[in-house]
Amino acid sequence: MEFWIIVTGALVATACGILGCFLVLRRMSLIGDAISHSVLPGIVIAFMMSGSRDSLAMLLGASVLGLVTVFLIQLFQQSGVQADASIGVVFTALFAVGVVLVSLNARQVDLDLDCVLFGEIAYVHWNTMSVFGIDGVPKAVWILGITLLAIFLVIGLFYKQFKLCAFDPAMALACGIPVALFHYLLMGLVSMTTVASFESVGAILVVGMLIVPAATAYLLTERLSIMILYSVLIGITCAVLGYYAAAWLDASIAGMMVTVAGLLFVVALIFSPSHGLLMRWVKRRRLVGVEA
Amino acid sequence: MNQRNRGSEVSPLTVEGLTVAYQKKPVLRNVSFEVPEGKLIGIIGPNGAGKSTMIKAILGLLPRVSGETEIYGRPYKEMRRKVGYVPQRESVDWDFPTNALDVVMMGRYGHLGWFKRPGAKEREIAMDCLRKVGMADYAHRQISQLSGGQQQRVFLARALAQNADLYFMDEPFVGVDAMTERAIITLLNELKAQGKTVLVVHHDLATVKEYFDWVMLLNVEMVAYGPTEDVFTKSLLHQTYGGRLAVFDHEDEAILVDSR
Ligand SMILES: Nc1ncnc2c1ncn2[C@@H]1O[C@H](COP(=O)(O)OP(=O)(O)O)[C@@H](O)[C@H]1O
Ligand SMILES: [Mg+2]
Numbered sequence: 021m022e023f024w025i026i027v028t029g030a031l032v033a034t035a036c037g038i039l040g041c042f043l044v045l046r047r048m049s050l051i052g053d054a055i056s057h058s059v060l061p062g063i064v065i066a067f068m069m070s071g072s073r074d075s076l077a078m079l080l081g082a083s084v085l086g087l088v089t090v091f092l093i094q095l096f097q098q099s100g101v102q103a104d105a106s107i108g109v110v111f112t113a114l115f116a117v118g119v120v121l122v123s124l125n126a127r128q129v130d131l132d133l134d135c136v137l138f139g140e141i142a143y144v145h146w147n148t149m150s151v152f153g154i155d156g157v158p159k160a161v162w163i164l165g166i167t168l169l170a171i172f173l174v175i176g177l178f179y180k181q182f183k184l185c186a187f188d189p190a191m192a193l194a195c196g197i198p199v200a201l202f203h204y205l206l207m208g209l210v211s212m213t214t215v216a217s218f219e220s221v222g223a224i225l226v227v228g229m230l231i232v233p234a235a236t237a238y239l240l241t242e243r244l245s246i247m248i249l250y251s252v253l254i255g256i257t258c259a260v261l262g263y264y265a266a267a268w269l270d271a272s273i274a275g276m277m278v279t280v281a282g283l284l285f286v287v288a289l290i291f292s293p294s295h296g297l298l299m300r301w302v303k304r305r306r307l308v309g310v311e312a
Numbered sequence: 177m178n179q180r181n182r183g184s185e186v187s188p189l190t191v192e193g194l195t196v197a198y199q200k201k202p203v204l205r206n207v208s209f210e211v212p213e214g215k216l217i218g219i220i221g222p223n224g225a226g227k228s229t230m231i232k233a234i235l236g237l238l239p240r241v242s243g244e245t246e247i248y249g250r251p252y253k254e255m256r257r258k259v260g261y262v263p264q265r266e267s268v269d270w271d272f273p274t275n276a277l278d279v280v281m282m283g284r285y286g287h288l289g290w291f292k293r294p295g296a297k298e299r300e301i302a303m304d305c306l307r308k309v310g311m312a313d314y315a316h317r318q319i320s321q322l323s324g325g326q327q328q329r330v331f332l333a334r335a336l337a338q339n340a341d342l343y344f345m346d347e348p349f350v351g352v353d354a355m356t357e358r359a360i361i362t363l364l365n366e367l368k369a370q371g372k373t374v375l376v377v378h379h380d381l382a383t384v385k386e387y388f389d390w391v392m393l394l395n396v397e398m399v400a401y402g403p404t405e406d407v408f409t410k411s412l413l414h415q416t417y418g419g420r421l422a423v424f425d426h427e428d429e430a431i432l433v434d435s436r
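Chains A and B are the protein sequences, given in the same order. Per my numbering: the first sequence ends with 312, consecutive numbering throughout. Per my numbering: the second sequence ends with 436, consecutive numbering throughout.
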C-alpha cells in the first residue's frame, strides 16, 4: 500500500511541478489557487449528474469550471476590476456555491467536504480500477497518469510557445502565436491537474504542490528547462520524504508533503547561490570589508 | 531577399485613419501616413503621446477603433515574417530563467511554425546576431545579470534574428550607455544600407537630426511627418510638446530639451 501512496504523491508532484513553473513565471500563482477552489462546484455538479465518484465526468466537469474561472477573472479585469480583487471575487464566490451544493446534497451524496479539501491519499489503494485488463492499480493513479500524459504531450509539443508566452507575450502575439489559446490550454491543464489531484492531496494542498516546488526551483537555476526538471525532482522528494515523515509522526500525509516542500523552499531561500540570503549576506560582508 | 517588393513601389507600411482607445477616450486619433522604403524614421512626442500604442496597434497587439494598416501592401497577418519588433525594455521580466542566446533564439520562433523546435541552425543565427551587437561573449549569461545597455542589445539581436525588412523599435536608446547607443546607431545604419526600413521611438531631441532621415511628430494626433529638415523645426516641436518644451540656443545650433 505504501508503494501506491508514494506513486500517487509522485504523480501529483510531477504534474504540479511542470505546470507550477509556468504559473510562477507568469506571476499567476494566485490563479492556481483560484482554480483549485472554484472547481468544487464543478466536482459536485458532475458528481450529482453522474451519481458516482468513479467517473471521468468529475474530471471533465471540474476542468470546465476551471476554464470558466479563468474566463470570468479575465472578463472582470477587462471591465476595470483590479486583478487581485477579480481573482478573489471569482474563486470565493464559486467555492461558496460549491460548499452550498455539497451541504444541500449531503444526504444523497457522500461527498465529504473534508476529503475534498484535504484529500485522502492514505486510502488511494482501496479504490482500484481495472483498465485494459490491468488490475490492482488505484483509480487515482490512472487518472493522474492520464493527466500527466496530457501535460507531457501538450507542453512537449508546444514548449517554445509556452516559453515565449511566459517571457514576452507581446512578442509572441506579434509572431502570430495565439497567446490566448495557449493561456487557456495551460489553465485547462491546471484545472485538470487540480481535479486529478484533489482526491489524493485535496483542493488546498494541491496549490502547495503547484507553487512551492516551482518557486523553490526558480531560486536554484537560470534555465527554464532545468527549472522544470528541478521542480519535478523537488516535488517527488517532497512526496517521498513527506510520506515517511507522516508515517513516523502519524500525521496527515498530504499535509506533511507540503510541509516538506515549505522546508525545502526555506533551505533554498537561504542557500541558493544566486538568490540566497546567505550569499547576499556574504557579499555585503565583503563589501563592508573592502570599505573598512 | 524581398526582391519583388524592392523593385516595385509598394510602401513597407501604410497607415490609414488609425484610431486606438483603451477606454472611451482615444489615445491615438485618426493617424495616417506612408513610410518610404530604406529610411530611418524617428517617432517623436511627449510621454503618453501614444507612440507605443501606435506600434502595438499596427502589430495587432491592441484592438483598434478604426483604421487600416498594410505591410508591403498586404495585411499584417500575412506579412508577420517581414516585421521585427523591439518592445520597450521594461515590458518583460528580466529575472526570467533564461540566457542571452536563448532570448535571441526567440526571434526565430515565428519562422519555425507550430511544431518545429529551435535547433543548431537557430543557435547559429542567434550567435551571429549577438556578434553583430557585440554581445557574443555574453551569450550564456543569465539575462538579469546584464546591464541595461546589454539587455537592450540582446533585444536588438533578437529583432535581427527575425530577419525582417521592416522594424519597429520602442525607445531602444533609453537607459543605455554611450557605447551601446553608438552600437545601436551603427546597426541601424547597417540595416538601412541593406534597404531595410526602421521606425524608432526616440526621446532625445538633441540627436534626432543626426540619427533620422524622416521624423514623425506625434501627440495623440499626427502633428507633422516628413523629411527631418522639413519637420524637425522649433515651431512644430512647440506644437507637439506644448509648454513642456524648453529651447536653448547654443552656438547657432538649436538644442531642444524635452523638459519632462
Ligand atoms: N494598458 C493601458 N490601459 C489604459 N491606458 C493605457 C494603457 N497603456 C497606455 N495607456 C494610456 O495611453 C496613452 C498613450 O500611452 P503610450 O502609447 O504608452 O504613450 P507613449 O509610448 O507615447 O509614451 C497614455 O495616456 C497612457 O496612459
Ligand atoms: Mg512608450
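All C-beta atoms, glycine included, are put in the ideal place defined by N, C-alpha and C. Predicted model only: the values in this text are computed from it and were never measured.
- Gly402 of chain B sits in a strand when the DSSP states are folded into three classes.
- When CB distances to chain B are screened at a threshold of 7 Å, the residues of the segment 185 to 196 of chain A falling below it are Phe187, Asp188, Ala190, Met191, Leu193, Ala194, Cys195 and Gly196, in chain order.
- Where Val117 of chain A is concerned, the enclosing alpha helix (DSSP H) starts and stops at Ala103 to Leu124.
- Within the segment 222 to 245 of chain B, those residues whose Cβ lies closer than 8 Å to any Cβ of chain A are, in chain order, Lys232, Leu235, Gly236 and Leu237.
- Sorted by position in the chain, B:Lys227, B:Ser228, B:Gln264, B:Asp346, B:Glu347 and B:Val377 make up the residues whose C-beta lies under 7 Å from a heavy atom of ligand 2.
- Here the alpha carbons of Arg307 of chain B and Phe291 of chain A stand approximately 35 Å from one another.
- For Ser251 of chain A, the uninterrupted alpha helix (DSSP H) run begins and ends at Leu244 to Leu269, by DSSP.
- In the DSSP assignment, Tyr179 of chain A falls within the unbroken alpha helix (DSSP H) covering Tyr179 to Phe187.
- Within the segment 294 to 321 of chain B, those residues whose Cβ lies closer than 7 Å to any Cβ of chain A are, in chain order, Pro294 and Gln318.
- Between Gly324 of chain B and the set B:Arg240, B:Leu412, B:Leu394 and B:Glu266, the nearest pair of CA atoms involves B:Glu266.
- Residues are counted here when their Cβ sits less than 8 Å from a Cβ of chain B; for the segment 233 to 247 of chain A these are Tyr238, Thr241, Glu242, Arg243, Leu244, Ile246 and Met247, given in chain order.
- Within the segment 245 to 264 of chain B, the residues whose Cβ lies closer than 7 Å to any Cβ of chain A are, in chain order, Arg256, Tyr261 and Pro263.
- Val90 of chain A has its alpha-carbon roughly 21 Å from the corresponding atom of Leu237 of chain B.
- Inclusion of Ser83 of chain A and Gly262 of chain A in the CB contact set at 8 Å is not warranted, their separation being larger than that value.
- The beta-bridge partner set that DSSP reports for Asn395 of chain B consists of B:Glu397.
- In summary, Tyr198 of chain B is exposed, with fewer than 16 beta-carbon neighbours lying within 10 Å of its beta-carbon over all protein chains present.
- Contacts between Leu177 of chain A and chain B, judged by CB atoms closer than 7 Å, involve Phe291 in chain order.
- For Thr274 of chain B and Pro239 of chain B, the gap between their C-alpha atoms comes out near 31 Å.
- Closer than 8 Å to the CB of Lys180 of chain A there is at least one CB belonging to chain B.
- The beta carbon of Leu45 of chain A falls within 8 Å of a beta carbon belonging to chain B, placing the residue at that interface.
- Under the Cβ distance rule, Pro273 of chain B counts among the residues neighbouring chain A, one pair being separated by less than 8 Å.
- DSSP places Leu92 of chain A within a helical segment (H, G or I) once states are collapsed to three.
- In terms of Cα proximity to Ala312 of chain B, the closest of B:Val330, B:Pro348, B:Trp270 and B:Asn339 is B:Val330.
- Boundaries of the beta strand (DSSP E) around Gly243 of chain B: Ser242 to Ile247.
- Residue burial is scored here from C-beta neighbours: Ile254 of chain A has at least 16 other C-beta atoms within 10 angstroms and is therefore classed as buried.
- Look at Val203 of chain B: its beta carbon is less than 7 Å from one of the heavy atoms in ligand 1.
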